[in-house]
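Asks:
There are 2 protein chains.
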Amino acid sequence: MATIEHKQLWQAVADQLRDEILDGRLAAGARLVETELADRFGVSRGPIRDALTELARTGLAVDLPRRGTFVSSLTEADLNEVYVIRRAIEEVAVRLAISHATAQELTELRVALEAVEDAYRGPDLAAAWEADMEFHRSYCRLSGNGRLLAVFEQLASQTVLLMRTAVATRASLAWIPPVEVHRHIADAIGARDAQRATDAVAAHYRYTEERLSAADRGRETGPAPSAPIRRSLAG
Amino acid sequence: MATIEHKQLWQAVADQLRDEILDGRLAAGARLVETELADRFGVSRGPIRDALTELARTGLAVDLPRRGTFVSSLTEADLNEVYVIRRAIEEVAVRLAISHATAQELTELRVALEAVEDAYRGPDLAAAWEADMEFHRSYCRLSGNGRLLAVFEQLASQTVLLMRTAVATRASLAWIPPVEVHRHIADAIGARDAQRATDAVAAHYRYTEERLSAADRGRETGPAPSAPIRRSLAG
DNA sequence: GCGACGCTAACTGTTGACAATCGTCCTGTC
DNA sequence: GACAGGACGATTGTCAACAGTTAGCGTCGC
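Chains as they are written, first to last, in our numbering: chain Y, 2 to 236; chain W, 2 to 236.
(1) Roughly how many angstroms lie between the CA atoms of Y/Glu35 and Y/Asp51, to the nearest whole one?
(2) Taking 7 Å as the CB-CB cut-off, is W/Glu82 touching chain Y?
(3) Which residue marks the beginning of the alpha helix (DSSP H) containing W/Val93, and which one marks its end?
(4) Can you tell me the Cβ-Cβ gap for Y/Ile99 and Y/Ala195, rounded? I've got them flagged as a contact below 8 Å.
(5) Spell out whether any CB of chain W is found under 7 Å from the CB atom of Y/Met2.
(6) Three or more C-beta pairs under 8 Å: does that hold for the stretch 69–76 of chain Y against the stretch 159–173 of chain Y?
(7) When we look at the beta-carbon of Y/Arg1 and count the other beta-carbons within 10 Å, is it buried (16 or more) or exposed?
(8) Any contact between the stretch 100–120 of chain Y and the stretch 134–144 of chain Y? By contact I mean 3 or more CB pairs, one from each, below 8 Å.
(9) How big is the Cα-Cα spacing for Y/Ala1 and Y/Pro179?
(10) Can you name the residues of chain Y whose CB is closer than 9 Å to the CB of W/Glu149?
(11) Going by DSSP, what residues sit across from W/Gly69 in a beta bridge?
(12) Assess, as a yes-or-no matter, whether the stretch 145–154 of chain W is touched by the stretch 83–95 of chain W under the definition of 3 or more beta carbon pairs within less than 8 Å.
(13) The alpha helix (DSSP H) with Y/Ser158 in it runs from where to where?
(14) Rank W/Ala120, W/Thr70, W/Glu181, W/Ile86 by C-alpha distance to the C-alpha of W/Thr54 and give the top, closest one.
(15) What are the residues of the stretch 161–173 of chain Y that lie near chain W, defined by any Cβ-Cβ distance shorter than 7 Å?
(16) Taking any Cβ of chain W, which residues in the stretch 44–56 of chain Y have a Cβ under 7 Å from it, in chain order?
(17) Which residues does DSSP list as the beta-bridge partners of Y/Arg32?
(18) Counting only Cβ pairs nearer than 8 Å, list the residues of chain Y close to W/Arg58.
(19) Against chain W, which members of the stretch 111–129 of chain Y pass a CB distance test of less than 9 Å?
(20) Pull up the distance between the alpha-carbon of Y/Leu110 and that of Y/Leu23, whole angstroms please.
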């Protein structure tokens, strides 16, 4: 059923820019000038504009009217916002997935889980995060609720960006890969135990918060307080 | 603090189209042709395109590449999707609002509640729905989570559209205004009782589902069941 | 020396035109 | 009579240019 995607220009541009933002080549706060990008990609400003609105839609960029588009500078507060919503919708997602996913569909969850565990064993953190997101995406997809999946997608790309900045200031995060929490979620869904699955999701996010707090305590002794990231454009 | 809004053209167009979709002048499935709209609004196709992508983003229209944009035809399944997510995020929203909204901010909730009750007493269903959405929007705003509010906004406009189509096929809905459920939510938040507030939101959505099921049963046997408590859809 | 004003450069918002693609109608054939 | 194929029309995707606005910088007045 793989329909050939006649990719629009703006999609190709958006994909490219998304990658560059997520792997840090485009730093937070960087300005995305339409004319520059148009030159660089060899297309006119139209598709560039479409790509930038797409990035703004997914939260990777912010669009200030008449002023330009900038790579998002996400902060601690943003991280909390994202996790609060992800937890809420994923708790629902696992329940929905349990109630109407076929046994065959549930196997793809285990595949995704193993990919996560493998990836976190490796050295490439960015790849691990992608696998991580793909695992969560799996059961959001299996929920059968397209809008839920869409909300998740938005938050997923922001999550990766947030992890980047979090690790940048708190290197210790990289040493505590979140593996068991994912296995618990997969197990509970596999057993079609709704209550346990919900709890497992909740536990996942409690664990994540705990990791962040622990890393924070470690950071308090060192430099870099969190304040000055905001409004890098005014300075 | 009222900063002057230099409204972009596409925003004005999007607002206008949104109104027309929500009050039914633009029927579900209607085609939105860029050149036509450009003529009608006296602007070029650029801002029209932006407006259409905005409508697509909020779910009021769907964009088929190379084919055009159409007013969304939302179905029963969409209604379920929307309500599932709204329930999930609103349960969180009330808890957040309780934990960090000032007493003064909570008063705006009561104002919104009274607006809802007044509106449902009147004959204008569309206005009642808007007031209804504004009530829910209040505590989503008070949650302090901007992304949560953004997700709500998307779903809110779809909700209004869904109610339109639901009433079109099940007139009996108009006779059962959902008033008490809102008061329970407001009361629980006002008392800063997180558990009761969460339960009240859950009850709200159970009640809504019940109303829809009841209307469905009424529809299966024949048109309009009796026992009217309150009157009148559009008079 | 410090703050306010005005100028300049750069960029976005908007426009109209061109080109590629899709749906539709008509025709011809099986 | 139904279906495949081709031409036409309509509509979107893309492009290049114009106009208005914003930020930065220098200059003037105090």
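Built from N, CA and C at the ideal position, the CB exists for glycine as well.
Replies: Taking the structure as given:
(1) Taking the first residue of the first sequence as 1, we reach residue 35 of chain Y at position 34. Taking the first residue of the first sequence as 1, we reach residue 51 of chain Y at position 50. One C-alpha to the other measures close to 10 Å.
(2) Counting from 1 along the second sequence, the entry for residue 82 of chain W is found at position 81. It does: the Cβ of W/Glu82 has a partner Cβ on chain Y nearer than 7 Å.
(3) Taking the first residue of the second sequence as position 1, residue 93 of chain W is located at position 92. Unbroken alpha helix (DSSP H) run through W/Val93: 77–101.
(4) Against the first sequence, residue 99 of chain Y aligns to sequence position 98. Against the first sequence, residue 195 of chain Y aligns to sequence position 194. The Cβ separation is near 5 Å, so the contact holds.
(5) Within the first sequence, the letter at position 1 stands for residue 2 of chain Y. Legend: pLDDT at Y/Met2 = 35, less than 50; position of this residue unreliable, value from coordinates given subsequently. No, Y/Met2 does not count as interfacial toward chain W.
(6) yes
(7) The first residue shown for chain Y is 2 and the last is 236, placing residue 1 of chain Y beyond what the model contains.
(8) yes
(9) Outside the modelled stretch of chain Y, which goes from 2 to 236, sits residue 1 of chain Y, for which no answer is possible.
(10) As a working note, residue 149 of chain W is residue 148 in the second sequence. It is Leu, not Glu, that sits at residue 149 of chain W in the sequence shown. Residues of chain Y passing the Cβ test: Glu82, Val85, Ile86, Ala89.
(11) Translated into the one-based positions of the second sequence, residue 69 of chain W becomes position 68. According to DSSP, which records beta bridges pairwise, W/Gly69 is partnered with W/Leu65.
(12) yes
(13) Against the first sequence, residue 158 of chain Y aligns to sequence position 157. Y/Ser158 -> alpha helix (DSSP H) spans 147–170.
(14) Along the second sequence, one-based indexing puts residue 54 of chain W at 53. The residue with the shortest Cα to Cα distance from W/Thr54 is W/Thr70.
(15) none
(16) Thr54
(17) Walking along the first sequence from the start, residue 32 of chain Y turns up at place 31. Answer is Y/Phe71.
(18) Position 57 of the second sequence, counted from the start, is the residue given in the question as residue 58 of chain W. Chain Y residues near W/Arg58: Arg58.
(19) none
(20) Counting from one through the first sequence, the residue named residue 110 of chain Y turns up at place 109. Counting from one through the first sequence, the residue named residue 23 of chain Y turns up at place 22. Going by the C-alpha atoms only, they are around 25 Å apart.
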